[in-house]
Amino acid sequence: MSFRVLVPKPKQFSTKRPSKGIEVHSVLRKTFNDKHERYYATTNDAQRDWTTILSPTPFDIFALPRTASEGEIKSRYYELVKTHHPDKCGENSPAALERFRKVVKAYEILNNRQKKEMYLRYGVGWDSPVAKNPASRFSKGSKFGSNYAYYQGWEADNDTYKGEFSTTERFMSNPYFAAFVVTATIFGAAIQYIRIDNSVGWIRAAEERHHLKAAHYLATARREGKLYGKRKQAEMMLDLLHANGVRDPNERSDDEWRAILSPEQFHIIRQKGTERPGTGEYNKFDREGVYNCAACETPLYYSKTKFDSGCGWPAFFEAIPGAVKRQEDNSLGRKRIEITCAACGGHLGHVFKP
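For the sequence shown, position 193 matches number 193 in full-length UniProt numbering, and the numbering has no gaps at all.
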């Protein structure tokens, strides 16, 4: 008895775009040897024409899964171009141009790895418009005719909530991420509050230290003032200046004084000269304050002790205690009292009636 083996003839599949209602077969061929070949085909019976989808995504247009290879994407793109190109289909209507634009846009996203990754994660790069149905936007018989009518008012015109991104989970929609953000915010605010509280405490402590130090110095100055008087305090201050390396003004040479004073000031203060009566800057000066030595800036007189003597020079009836020195001067054949600065020895004037 002889047997006859029947070998099924493999089906041939076309790469042309199938017409509506015809199944699409994806063929994978695996060769085991040169004589025998096996074909594996998967069929999507429920495939839908993407032009009838309200808001098609790039994957809807190409009818490919997200794991499709680059070759499959290019092959499918060539098929779509042959079908939807205005020159091929012979239609130049706005709808045909829009369909072809979607095909090109979808290919740009799927064929570029970075754009595809951004689209899959955040929905960036796809601006497919959402069709609107004004009649179904609001229902007359119900407050909220349908869920679509309720949400369409603020989502329909927003490009962010279109395409693949409309079903992608957002960061803030994740309760764990939202809880993390809230916790981090509270933790950061607590740290800032602690830092501010510590800073305020440190500032207050520093102010307290400075206050105590100033109070100690003031108490010491008052005690020494009662024990030694103004003159002794001036001498102690000079000793302190010498200890810190500050030179006594009396030890300056004439060249040093010339570098500090103007020629007129040097003539009057260091050479005991006299300015012409009525020409001095402070003869008619009546502002409140303190008059200092022009050479060493030592306070000498309070403005409230100044009076108009009619002699043409500034006159004071009382000096600051310990600020000036008095000594006899018989240089012009008559007895006068010369007034000098106690700090630098500069000539200040004469008193004719002591």
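Each residue gets a CB set at the ideal place from its N, CA and C atoms; glycine is no exception.
| Check | Outcome |
| --- | --- |
| Bridge partner(s) assigned by DSSP for ASP308 | Answer is none; ASP308 lacks a bridge partner. |
| C-alpha distance - ILE337 paired with VAL324, whole-angstrom precision | 12 Å |
| Contact belief for ALA315 with LYS306 at Cβ below 8 Å, rounded distance in angstroms | 7 Å |
| LYS20 burial status per 10 Å Cβ neighbour count (16 or more: buried) | With a pLDDT of only 46 at LYS20, under 50, the local geometry of the prediction cannot be trusted, and no value is derived from it. |
| Residues near residue 361 in its chain [Cβ-Cβ closer than 8 Å; skip 5 each side] | The shown model of the chain, from 1 to 354, leaves out residue 361, and the question about it has no answer. |
| Beta bridge counterpart(s) of ASP329 as assigned by DSSP | ARG336 |
| Start and end residues, alpha helix (DSSP H) containing LEU300 | Segment 299 to 302 is the beta strand (DSSP E) holding LEU300; no alpha helix (DSSP H) there. |
| THR57 vs ALA106 beta-carbon contact at 9 Å | yes |
| Cβ neighbour criterion (16 or more within 10 Å) applied to ARG287 | exposed |
| Alpha-carbon spacing of ILE196 relative to ALA189, whole angstroms | 11 Å |
| Proximal residues to HIS267 (C-beta, below 7 Å), its chain only, five neighbours per side dropped | GLY273 |
| Close-in-space but distant-in-sequence residues of the same chain around ASN111 (CB under 8 Å, 5 per side omitted) | GLU70, ILE73, LYS74, TYR77 |
| Span of the beta strand (DSSP E), counted from its first residue to its last, around ASN292 | 290 to 292 |
| Cβ-based burial, ASP60 [other Cβ within 10 Å; buried from 16] | buried |
| Helix, strand or coil at HIS85 [DSSP, three-state] | coil |
| CA-to-CA distance, LYS102 to LEU54, given in whole angstroms | 13 Å |
| Secondary structure of ALA315, DSSP reduced to three states | strand |
| Helix, strand or coil at GLY71 according to DSSP, with G and I counted as helix | helix |
| Outcome for ILE269 when other beta-carbon atoms lying within 10 angstroms are tallied against a minimum of 16 | buried |
| Pick from TYR302, ARG334, ASP255 that is closest to PHE285, judged by C-alpha positions | TYR302 |
| Coarse secondary structure for LEU64, derived from DSSP in three states | coil |
| Nearest residue (CA-CA) to ALA343, options ALA214, GLY312, GLY310, ALA294 | ALA294 |
| Extent of the continuous beta strand (DSSP E) run through residue 367 | Residue 367 is absent from the structure shown; the chain starts at 1 and stops at 354. |
| Reference GLY345; option with closest CA among GLY278, GLU79, ARG252 | ARG252 |
| For ARG223 and GLU208, the rounded distance between their alpha carbons | 22 Å |
| Proximity below 9 Å, CB of ARG334 to CB of GLY312 | no |
| Burial state of ARG204, where buried means 16 or more other Cβ atoms lie within 10 Å | exposed |
| Rounded separation between PRO66 and TRP126 - CA only | The amino acid occupying residue 66 in the given sequence is Arg; Pro does not appear at that position. Roughly 15 Å between the two C-alpha positions. |
| ILE186, buried or exposed, once every other Cβ within 10 Å from all chains shown has been counted against 16 | exposed |
| For VAL124, the three-state DSSP class (helix, strand or coil) | coil |
| Residue range of the unbroken alpha helix (DSSP H) whose run includes ASN111 | 94 to 111 |
| Straight-line Cα distance separating LEU97 from GLU91 | 8 Å |
| Whole-angstrom distance between ASN198 and GLY289, CA atom to CA atom | 43 Å |
| N- and C-terminal bounds of the alpha helix (DSSP H) containing ASP255 | 254 to 260 |
| Separation of GLU117 from SER93, as counted between CA atoms | 33 Å |
| Length of the line joining the Cα atoms of LEU348 and GLU256 | 19 Å |
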